[in-house]
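>
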Amino acid sequence: MSVKLVSLTSAEGMKPEEIISYCARVSNPKNQSNFGTAPALLKYCIENKHWSPFEMADMTVEITTSRAIAQQILRHRSFQFQEFSQRYAKAFEYVECQARRQDSTNRQNSIDDLSPETKMWFKAMQAQVWSNSESLYKEALERGIAKECARFLLPLNTMTKLYMKGSVRSWIHYLQIRTDAATQKEHRDIAEGVKKIFVANFPSISEAMGWKNG
0 MSVKLVSLTS AEGMKPEEII SYCARVSNPK NQSNFGTAPA LLKYCIENKH WSPFEMADMT
60 VEITTSRAIA QQILRHRSFQ FQEFSQRYAK AFEYVECQAR RQDSTNRQNS IDDLSPETKM
120 WFKAMQAQVW SNSESLYKEA LERGIAKECA RFLLPLNTMT KLYMKGSVRS WIHYLQIRTD
180 AATQKEHRDI AEGVKKIFVA NFPSISEAMG WKNG
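Using numbering that gives the first Met the number 0, you'd call the opening residue of the sequence shown number 0 and step up by one each time.
#1: Which partner residues does T64 have in the DSSP bridge list?
#2: When you compare each of E206, S109 and E92 to Q125 by their alpha carbons, which one comes out closest?
#3: Buried or exposed: which applies to N47, given that a residue is buried once 16 or more other Cβ atoms fall within 10 Å of its Cβ?
#4: Quick check on F151: buried or exposed, where buried means 16 or more other Cβ atoms within 10 Å of its Cβ?
#5: From N212 to K195, what does the alpha carbon distance come to, in whole angstroms?
#6: Leaving out five residues before and five after Y136 in sequence, what residues of the same chain have Cβ atoms less than 7 Å from its Cβ?
#7: Could you spell out where the beta strand (DSSP E) holding V2 opens and where it closes?
#8: Give the secondary structure of M55 by DSSP, where H, G and I count as helix, E and B as strand, and everything else as coil.
#9: Quick check on D102: buried or exposed, where buried means 16 or more other Cβ atoms within 10 Å of its Cβ?
#10: Cβ atoms of M163 and F78: under 9 Å apart, would you say?
#11: What is the rounded straight-line gap between the Cα of E191 and the Cα of I110?
#12: Suppose you measure from the CA of W50 to the CA of F121; what does that come to, to the nearest Å?
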């Protein structure tokens, strides 16, 4: 699984954080281009929950993951998505998932304490399922069955790629939720990758949020 930056909002030489600052000062036009105080302004907005200025800049990332995790990501409705279509292109690979034990007290949690033997068994079974499914998928295509039908033979760990675009406000919310330990590990890994990109490109906002790349 991987995450990489595709684009950031920019205008007339202004960086994304400067655009947010510029728009936040819409009622103070004489001071709109005072970007030297932008970090303090952004921090003030965050501390006082003035979130609307953070909708003025967007970030788009490319995510490669499994169809199972993509379904979780697509639930974030404040974003716009463009996903790899198995109706038009062939599926090409699968994503391996590490075996973890079901938490007996929290249905949304798993615990990494299974034996090496169990983990190896699960790894082998994933490879076996993919091999069988891929073989049947390819045979279906050779028989003239449309890709949109043949894809029903593929498992949830089939690899997919999607572009995820959202405002800085949406990304802040997404990172607060999906970097939490309650999020499935595979999805949390994606969110941590997004967080690294966010911190690198929105340093003042990240500092105000208490985020940093370590």
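Glycine included, C-beta positions come from ideal geometry on N, C-alpha and C.
In brief:
#1: Counting from one through the sequence shown, the residue named residue 64 turns up at place 65. Partner(s): T159.
#2: The count along the sequence shown starts at 1 and reaches residue 125 at position 126. The option with the nearest alpha carbon to Q125 is E92.
#3: Taking the first residue of the sequence shown as position 1, residue 47 is located at position 48. It is exposed - the Cβ of N47 has fewer than 16 other Cβ atoms within 10 Å.
#4: In the sequence shown, residue 151 corresponds to position 152, counting from 1. With fewer than 16 Cβ atoms within 10 Å of its Cβ, F151 is classed as exposed.
#5: Along the sequence shown, read from residue 1 onward, the residue named residue 212 stands at position 213. Along the sequence shown, read from residue 1 onward, the residue named residue 195 stands at position 196. Each residue's alpha carbon lies about 6 Å from the other.
#6: To locate residue 136, count along the sequence shown from 1; it is residue 137. A90, A149, L152 and L153.
#7: Taking the sequence shown and counting its residues from 1, one reaches residue 2 at position 3. Run containing V2: S1 to L7, per the beta strand (DSSP E) assignment.
#8: Translated into positions along the sequence shown, residue 55 becomes position 56. DSSP places M55 in coil when its eight states are reduced to three.
#9: Here residue 102 corresponds to residue number 103 of the sequence shown, with the count starting at 1. Exposed, because fewer than 16 other Cβ atoms sit within 10 Å of the Cβ of D102.
#10: If you number the sequence shown from 1, residue 78 lands on position 79. If you number the sequence shown from 1, residue 163 lands on position 164. It is a contact, given that the beta carbons lie within the stated cut-off.
#11: Your numbering for residue 191 matches position 192 in the sequence shown. Your numbering for residue 110 matches position 111 in the sequence shown. In a straight line, the C-alpha of E191 is about 19 Å away from that of I110.
#12: As a working note, residue 50 is residue 51 in the sequence shown. As a working note, residue 121 is residue 122 in the sequence shown. About 44 Å.
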